[in-house]
Each structure stands twice: as C-alpha cells, then as structure tokens.
Amino acid sequence: MAGYTLAMATSDEHPTGGAAEMSMKHPFISWSAVAVIFLLLRLMAVSHWNWKTVFQIGDIINFNDAISIVFGTLFAEPMYTGLIIMVLLPLTILRVVWPMSSDRTPVDLVVGILLLVAIFTCTIAMVLTYRYWWLLAGAVIIGLLVVAGRLLWHRGYGYTIISWVLRRTAVIAGIGGLLLATVVTDPWMPLEYIETTSETIEGYTLKVDPGYLNVLTEDEREVEIIMGDDVVSRTTP
Numbered sequence: 591m592a593g594y595t596l597a598m599a600t601s602d603e604h605p606t607g608g609a610a611e612m613s614m615k616h617p618f619i620s621w622s623a624v625a626v627i628f629l630l631l632r633l634m635a636v637s638h639w640n641w642k643t644v645f646q647i648g649d650i651i652n653f654n655d656a657i658s659i660v661f662g663t664l665f666a667e668p669m670y671t672g673l674i675i676m677v678l679l680p681l682t683i684l685r686v687v688w689p690m691s692s693d694r695t696p697v698d699l700v701v702g703i704l705l706l707v708a709i710f711t712c713t714i715a716m717v718l719t720y721r722y723w724w725l726l727a728g729a730v731i732i733g734l735l736v737v738a739g740r741l742l743w744h745r746g747y748g749y750t751i752i753s754w755v756l757r758r759t760a761v762i763a764g765i766g767g768l769l770l771a772t773v774v775t776d777p778w779m780p781l782e783y784i785e786t787t788s789e790t791i792e793g794y795t796l797k798v799d800p801g802y803l804n805v806l807t808e809d810e811r812e813v814e815i816i817m818g819d820d821v822v823s824r825t826t827p
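The sequence shown: position 37 = 627 (our numbering), numbered continuously.
Structural data, given as structure tokens:
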C-alpha cells in the first residue's frame with residue numbers, strides 16, 4: 591500500500607506523456623492555428639472573397655514569405671493598426687510595470703519589454719507620420735480606466751475582467767491581428783501602374799518569374815499573367 595501511495599505521488603508530481611505532453615505543446619499548436627487562420631483570412635480579404643482568385647494566389651505566393659505578409663498587413667491600413675495599438679499600448683505598459691501577480695518569470699518580463707518597445711516604436715512612427723494624436727489620447731484614457739478599475743475592484747466580476755485583460759494581452763493582440771487580416775483588403779505589396787504595349791494595368795505584382803509577371807488587378811481582383819517583353823514601365827502612385 592505504501593509503495594502504491596508513493597507511486598501515485600511520484601506520478602502526480604512528475605507527470606509524463608499524455609496530458610503533460612499536450613500541455614507543453616498546447617501554446618505552439620494554438621499560435622500555429624492562429625497563423626494559419628491569419629493567412630487564410632488575408633488571402634480571402636485581398637481576393638475580395640473570390641474562391642477562384644484565392645486558389646490562384648495560393649498557388650503563386652511562397653508561404654515562406656509569411657513575415658512579409660504580416661508586416662504588409664500592419665502597414666497597409668494605418669488607421670486600423672492605430673486602433674489596435676491604442677488598446678495594446680496601455681495594457682502592455684501596465685503588464686510590465688504593474689503585474690497582476692508576483693510570480694512573473696524573467697522570461698515573461700523580457701517578452702513584455704520587447705513587445706512594449708515594438709508597440710511604442712509603431713506609436714511614435716504613426717504620430718510623426720500621420721499625426722495620430724488621438725492614438726495617444728485614447729491610450730491614456732484606456733490606461734486610466736484600467737488603473738481605476740484595479741484600484742476600485744479587488745474582487746468580483748470587475749476584478750475578473752481586468753485580470754483577464756491584463757493577463758491575456760497576447761491573446762488580444764492575436765485577435766487584433768485576425769481582425770486586421772479580415773478588414774485590410776490591400777495586399778502586402780505596393781500598388782503599381784504597369785504600362786504594357788497594349789494597355790495600362792493597375793494592380794499588385796504577386797510574383798516575378800523569368801519572362802512574365804503574376805499581377806492581381808486592383809478593380810476586378812483577378813490574377814493576370816503579363817509577359818515581361820510587353821512591359822514598358824512599372825510605377826507606383
């Protein structure tokens with residue numbers, strides 16, 4: 591009986607296989623699923639939800655360029671990105687300087703600081719480029735509301751909501767990314783005016799292959815193949 595009890599205690603303290611392995615793999619599986627959904631939504635959005643166009647784009651692009659797709663999405667519509675940053679900036683600051691618990695690891699602190707630096711850099715660029723002063727004002731208001739909530743609510747539903755928001759900043763960022771992938775219809779490359787020997791095509795060059803270009807047209811959102819010898823010039827607006 592003592593041996594059985596010791597075995598059970600050892601099993602509880604040091605779980606192996608099964609649930610333990612799934613628990614370790616769960617974050618990777620979750621964020622991999624988010625990445626796949628993000629790419630799917632981007633293809634749907636830039637093709638205006640045309641199934642045939644999605645198939646053509648998926649056959650042309652190289653998914654190893656996923657980083658370019660992500661950054662192209664962030665920079666395509668600064669207004670939408672600014673709204674998401676307005677929410678994330680105060681939450682990230684509070685998570686770094688005023689954590690909900692004292693069991694934060696050094697790795698969590700470093701990740702939080704790096705995320706804060708990235709968000710703050712984007713904030714400065716948007717304010718200097720587009721004069722988005724409303725972004726800073728909104729971030730201050732959201733931050734003050736969260737601070738007031740933490741000071742007023744020490745238990746109950748209010749505390750639960752604020753605790754969840756501050757502990758799940760990465761989840762909120764992921765949701766914001768999926769929203770961007772859905773509403774941003776501009777592809778991750780610049781719009782071009784491609785002048786050929788017969789016409790001028792307004793579109794996005796998805797890929798340049800030897801001898802021809804794969805272009806997604808701006809209006810119809812159809813994929814056209816343009817022979818390289820027919821191209822006279824390529825300019826951006």
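C-beta atoms are modelled at their ideal positions from N, C-alpha and C, and glycine is treated no differently.
CB of residue i within 8 Å of CB of residue j, strictly
i	j	result
Leu679	Thr713	yes
Val636	Thr795	no
Arg632	Ile659	yes
Gly764	Val624	yes
Ile752	Val736	yes
Trp778	Thr663	yes
Ile650	Lys797	yes
Glu812	Thr695	no
Tyr747	Pro668	no
Rounded Cβ spacing between residue i and residue j (contact assumed at less than 8 Å)
i	j	result
Leu806	Tyr670	Contact flag wrong, Cβ pair sits at about 20 Å.
Met634	Gly672	At roughly 23 Å, the Cβ-Cβ gap does not stay under 8 Å, so Met634 and Gly672 are not in contact.
Element boundaries [beta strand (DSSP E), containing residue i]
i	result
Gly793	790–799
Thr786	782–786
Arg824	821–825
Met690	Unbroken run through Met690: none, as it is neither H nor E.
Met817	813–817
Tyr722	Note, Tyr722: premise wrong, no beta strand (DSSP E); not H, not E.
Asn804	802–807
Through-space distance from residue j to residue i, alpha-carbon basis
i	j	result
Met612	Thr825	Low local confidence applies: a pLDDT of 40 at Met612 is under 50, so the model's placement there is unreliable, with the coordinate-based value given in what follows. Their backbone Cα atoms lie some 51 Å apart in a straight line.
Asn804	Phe645	14 Å
Arg757	Arg745	16 Å
Asp809	Met676	32 Å
Pro780	Gly648	18 Å
Ile762	Leu725	17 Å
Glu792	Tyr722	30 Å
Phe653	Ala738	44 Å
Thr711	Val687	18 Å
Leu705	Val822	44 Å
Val707	Asp799	38 Å
Glu782	Thr790	10 Å
Leu699	Phe665	27 Å
Tyr802	Pro827	22 Å
Met690	Trp641	45 Å
Phe661	Ile674	14 Å
Trp639	Ser622	23 Å
Thr759	Leu741	20 Å
Ile703	Val697	10 Å
Tyr749	Gly728	22 Å
Trp754	Ser620	18 Å
Leu718	Asp655	29 Å
Residue interval of the alpha helix (DSSP H) (run including residue i)
i	result
Val644	641–650
Arg685	668–687
Thr759	759–773
Chain D contact for residue i (CB, 8 Å cutoff)
i	result
Val697	The question asks about chain D, but that chain is absent: this structure has only one protein chain.
Query raised in the report: Is the segment 812–820 close to the segment 774–788, with three or more CB pairs under 8 Å?
Result: yes
Query raised in the report: Should the segment 672–692 be regarded as contacting the segment 726–746, the criterion being three or more beta carbon pairs within less than 8 Å?
Result: yes
**Report entry** Three or more C-beta pairs below 8 Å linking the segment 623–635 and the segment 757–770
**Finding:** yes
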